[in-house]
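Asks: Residue numbers (this note's numbering), protein chains in the order written: chain A, 14 to 125; chain B, 18 to 131. The beta carbon of each residue, even a glycine, is placed where N, CA and C say it ideally should be. I'd like to ask some things about the structure below.
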Amino acid sequence: AQSVTQPDIHITVSEGASLELRCNYSYGATPYLFWYVQSPGQGLQLLLKYFSGDTLVQGIKGFEAEFKRSQSSFNLRKPSVHWSDAAEYFCAVKTSYDKVIFGPGTSLSVIP
Amino acid sequence: DVKVTQSSRYLVKRTGEKVFLECVQDMDHENMFWYRQDPGLGLRLIYFSYDVKMKEKGDIPEGYSVSREKKERFSLILESASTNQTSMYLCASSHGQKSSYEQYFGPGTRLTVT
Numbered sequence: 014a015q016s017v018t019q020p021d022i023h024i025t026v027s028e029g030a031s032l033e034l035r036c037n038y039s040y041g042a043t044p045y046l047f048w049y050v051q052s053p054g055q056g057l058q059l060l061l062k063y064f065s066g067d068t069l070v071q072g073i074k075g076f077e078a079e080f081k082r083s084q085s086s087f088n089l090r091k092p093s094v095h096w097s098d099a100a101e102y103f104c105a106v107k108t109s110y111d112k113v114i115f116g117p118g119t120s121l122s123v124i125p
Numbered sequence: 018d019v020k021v022t023q024s025s026r027y028l029v030k031r032t033g034e035k036v037f038l039e040c041v042q043d044m045d046h047e048n049m050f051w052y053r054q055d056p057g058l059g060l061r062l063i064y065f066s067y068d069v070k071m072k073e074k075g076d077i078p079e080g081y082s083v084s085r086e087k088k089e090r091f092s093l094i095l096e097s098a099s100t101n102q103t104s105m106y107l108c109a110s111s112h113g114q115k116s117s118y119e120q121y122f123g124p125g126t127r128l129t130v131t
């Protein structure tokens, strides 16, 4: 069955430090992958997506993600975290049935 | 600017009540979705719709129904609310024929059933 796992429920980083949020998916074909961010009290906003081509994709707010087929991973990175990045982050995969499966989310806290 | 709006941010209902959650999008999107969000479980798809008057069950449709009479509006109905339906409900929409790429989300409705 198709699934998305985010191994880290909660991560705390200091402002200015680098960030990597992990995402692993289970899907037979070439996946369409997404990262969304949810700020407190808000809906989800798309950060970036991967459909094909270059495995390193750039998104909004300085985020990037790398698709690694051999590891079934799509980790999200940012070189220098800002306090405003504190939010919940969701990895997602589009399935063959035209639905999107979301991971459980990783909550990010930023220490000033 | 794209917009998905939901009728209420917070809602408190009693067990057994019929509850309507409304969602409107102004982007002329074909696809619309209802999710519920619970801590540790991420988003789970309740129902979705590819077109007017069309609906399909998602992963957790039990206890819910939907209505899509107009392209821009997608309603989620709890026929008889129960306490285990206390949750955050998110509506989303996307372009495309039978495509759920890049979804645009509303701000959510936090429903409490007492």
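Do Pro117(A) and Leu58(B) count as a contact pair if the criterion is CB distance below 8 Å?
Replies: As a first step, residue 58(B) must be located in the second sequence, where it is residue number 41. As a first step, residue 117(A) must be located in the first sequence, where it is residue number 104. Taking 8 Å as the Cβ cut-off, Leu58(B) and Pro117(A) qualify as a contacting pair.
Asks: Can you say whether Thr131(B) is buried or exposed, counting buried as having 16 or more other CB atoms within 10 angstroms of its CB?
Replies: For this step, residue 131(B) is matched to residue 114 along the second sequence. Result: exposed.
Asks: With 9 Å as the limit, tell me which residues of the region 58-75 of chain A have their beta carbon closer than that to any beta carbon of chain B; keep them in chain order.
Replies: Residues Gln58, Leu59, Lys62, Phe64.
Asks: Classify Ala105(A) as buried or exposed, calling it buried when 16 or more other Cβ atoms lie within 10 Å of its own Cβ.
Replies: For the purposes of this step, residue 105(A) is taken as residue 92 along the first sequence, with counting starting at 1. So Ala105(A) ends up on the buried side.
Asks: Under 8 Å, Cβ to Cβ, is there at least one residue of chain A near Thr129(B)?
Replies: As a first step, residue 129(B) is located in the second sequence; it is residue number 112 there, counting from the start. No - not a single Cβ of chain A is within 8 Å of the one on Thr129(B).
Asks: Taking only three categories from DSSP, how would you classify Leu32(A)?
Replies: Residue 32(A) sits at position 19 when you count from the first residue of the first sequence. Of the three classes helix, strand and coil, the one that applies to Leu32(A) here is strand, per DSSP.
Asks: Are at least three pairs of beta-carbons, each pair with one atom in the region 121-130 of chain B and one in the region 93-104 of chain B, less than 8 Å apart?
Replies: Cβ pair count under 8 Å is three or more, so yes.
Asks: Pull up the distance between the alpha-carbon of Tyr121(B) and that of Glu73(B), whole angstroms please.
Replies: Locating residue 121(B) in the second sequence gives position 104, counting from the first residue. Locating residue 73(B) in the second sequence gives position 56, counting from the first residue. Approximately 19 Å, taken between the alpha carbons.
Asks: Does Thr25(A) come out as helix, strand or coil in the three-state DSSP assignment?
Replies: Counting from one through the first sequence, the residue named residue 25(A) turns up at place 12. Looking at Thr25(A) - three-state DSSP - the assignment turns out to be strand.
Asks: Which class does Leu128(B) belong to by DSSP, given the choice of helix, strand or coil?
Replies: Within the second sequence, the letter at position 111 stands for residue 128(B). Correct three-state label for Leu128(B): strand.
Asks: Should Ala100(A) go down as buried or exposed, given a rule of 16 or more other Cβ atoms within 10 Å for buried?
Replies: Mapped onto the first sequence, residue 100(A) falls at position 87. Its Cβ being crowded by 16 or more others within 10 Å, Ala100(A) is buried.
Asks: Glu119(B) CB to nearest chain A CB: under 8 Å?
Replies: As a position in the second sequence, residue 119(B) is number 102, starting the count at 1. For Glu119(B), the answer is yes, since a Cβ of chain A falls inside 8 Å of its Cβ.
Asks: My output table needs one value for Thr119(A): the three-state DSSP class, helix, strand or coil.
Replies: On the first sequence, position 106 is the one that residue 119(A) refers to. Looking at Thr119(A) - three-state DSSP - the assignment turns out to be strand.
Asks: Is there a Cβ from chain A that is less than 8 Å from the Cβ of Gly125(B)?
Replies: Position 108 of the second sequence holds residue 125(B). Yes, contact with chain A.
Asks: What residues of chain A sit near Gly59(B), judged by a beta carbon separation below 7 Å?
Replies: The residue given as residue 59(B) occupies position 42 in the second sequence. In chain order: Phe103, Phe115, Gly116, Pro117, Gly118.
Asks: What separation, rounded to the nearest whole angstrom, lies between the Cα atoms of Ser16(A) and Thr43(A)?
Replies: As a position in the first sequence, residue 16(A) is number 3, starting the count at 1. As a position in the first sequence, residue 43(A) is number 30, starting the count at 1. Cα to Cα, the separation comes out at about 14 Å.
Asks: Does any residue of chain B have a CB that is nearer than 8 Å to the CB of Gly41(A)?
Replies: Working through the first sequence from its first residue, we reach residue 41(A) at position 28. It does not; no Cβ of chain B falls within 8 Å.
Asks: Hey, could you find the ends of the beta strand (DSSP E) Leu89(A) is sitting in?
Replies: Taking the first sequence and counting its residues from 1, the one referred to as residue 89(A) is at position 76. Looking at the DSSP string, the run of the beta strand (DSSP E) that includes Leu89(A) is 86-91.
Asks: Measuring CA to CA, which of Phe115(A), Lys81(A), Phe76(A) is closest to Leu61(A)?
Replies: Within the first sequence, the letter at position 48 stands for residue 61(A). Among Phe115(A), Lys81(A), Phe76(A), the Cα nearest to that of Leu61(A) belongs to Phe76(A).
Asks: Is there a C-beta anywhere in chain A that falls below 8 Å from the one on Phe122(B)?
Replies: The sequence position of residue 122(B) within the second sequence is 105, counting from 1. Judged by the 8 Å Cβ criterion, Phe122(B) is in contact with chain A.
Asks: Using a Cβ-based criterion (distance less than 7 Å to any ligand heavy atom), does Leu46(A) qualify as near the ligand GDP?
Replies: Absent from the structure shown: the ligand GDP. Ligands present: none.
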